[in-house]
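Following: one structure in structure tokens, then a few remarks.
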């Protein structure tokens, strides 16, 4: 997961719980897991018990109760904060005026897709803030420089050259700045000035529900033959060939089901 990991936390954790063995990379997910147990109604003691049981069962290769107790304590402390809620955003609505604005820009498709992704990510951030009880609407992207732009480019689902990823994206952002659409702040975050140019509108024309592949939603809206829906879950996928009918998640499930059927026949 990319963006979905942060905006579909419930879904992410439920998939995590299905796994049998986890490496040290799970450390960063324990806070989210603690929030999940809190979401289920568990109190502090129950959350602590659940976290230890989870780690002792699925992290046998490296987890040590004595050595890693602070990791568990930190996750619990974080989860019990008032604004620590489990985030699950099913979809983001896109209005007619928003798409008309993007269409009006004198850019190539790639640049328009970047503006579209910035729009969706900003809506995601504001929706998450609202769920946490934070009454603020900040139209900013990033704040961590190159890493932020990497995550932005990943959502486009485009085959970008290494040169564009390392240098081209910065030229694109500079062009946005020069055109008055954005402003790079001293903290390297990007103020999304273009949002003030879009008229208020309640007419939703489509929704984005896969935040790892925001660019595919843009292409699908315009009828691109390079994009189609997974026949199982409906998520958008790149139409590489006629045999490719499933998204990666559904493909894994189908393969597992096939193995189960095969093993059952052998019995």
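In this note's numbering, the protein residues as written are 20 to 286. Cβ coordinates follow ideal geometry from the N, Cα and C atoms, glycine included.
Item, Value
"So, are the CB atoms of residue 144 and residue 158 less than 7 Å apart?", "no"
"What would DSSP say about residue 89, mapped onto helix, strand or coil?", "helix"
"Per the contact definition of three or more C-beta pairs closer than 8 Å, is the stretch 95-103 in contact with the stretch 45-54?", "yes"
"Apply the 10 Å Cβ neighbour rule to residue 31 and answer buried if 16 or more other Cβ atoms are within range, or exposed otherwise.", "buried"
"Work out the CA separation of residue 130 and residue 175 for me, nearest whole Å.", "10 Å"
"Which residue wins for smallest C-alpha separation from residue 74, given the options 27, 49 and 193?", "49"
"Taking Cβ to Cβ, would you say residue 229 is nearer than 7 Å to residue 254?", "yes"
"Mapping the DSSP letters down to three states, classify residue 96 as helix, strand or coil.", "helix"
"Could you give the residue range of the alpha helix (DSSP H) that holds residue 208?", "Looking at the DSSP string, residue 208 is not in any alpha helix (DSSP H); the run it does join, the beta strand (DSSP E), is 208-210."
"Quick check on the DSSP output: the alpha helix (DSSP H) that includes residue 147 runs from which residue to which?", "128-150"
"For the pair the stretch 75-90 and the stretch 107-126, tell me if three or more CB-CB distances fall below 8 Å.", "no"
"Looking at the structure shown, is residue 156 part of a helix, part of a strand, or coil, going by DSSP?", "coil"
"Under a Cβ-count criterion, where at least 16 other Cβ atoms within 10 Å of its own Cβ denotes burial, should residue 91 be classed as buried or exposed?", "buried"
"Just checking my contact of residue 120 with residue 216 at CB under 8 Å: how many whole Å lie between their CB atoms?", "7 Å"
"Does any residue of chain C have a CB that is nearer than 7 Å to the CB of residue 261?", "Among the protein chains of the structure shown there is no chain C, as only one such chain exists."
"Under three-state DSSP, which class holds residue 223?", "strand"
"Could you name the residues that DSSP lists as bridge partners for residue 13?", "The question about residue 13 has no answer, for the chain in this structure spans 20 to 286."
"Short of 7 Å in beta carbon distance, which residues of its chain neighbour residue 69, apart from the five on each side in sequence? Order them along the chain.", "56 and 61"
"Considering only residues of the same chain and omitting the five flanking positions on each side of residue 147, which have a CB-CB separation below 6 Å?", "106"
"Per DSSP, which one or two residues make a beta bridge with residue 248?", "255"
"Rounded to whole angstroms, what's the CA-CA distance from residue 22 to residue 170? Just pull it up for me.", "8 Å"
"For residue 40, count neighbouring Cβ atoms within 10 angstroms of its own Cβ and tell me buried if that reaches 16, exposed if not.", "exposed"
"Can you say whether residue 250 is buried or exposed, counting buried as having 16 or more other CB atoms within 10 angstroms of its CB?", "exposed"
"Going by DSSP in three states, residue 264 sits in which element: helix, strand or coil?", "coil"
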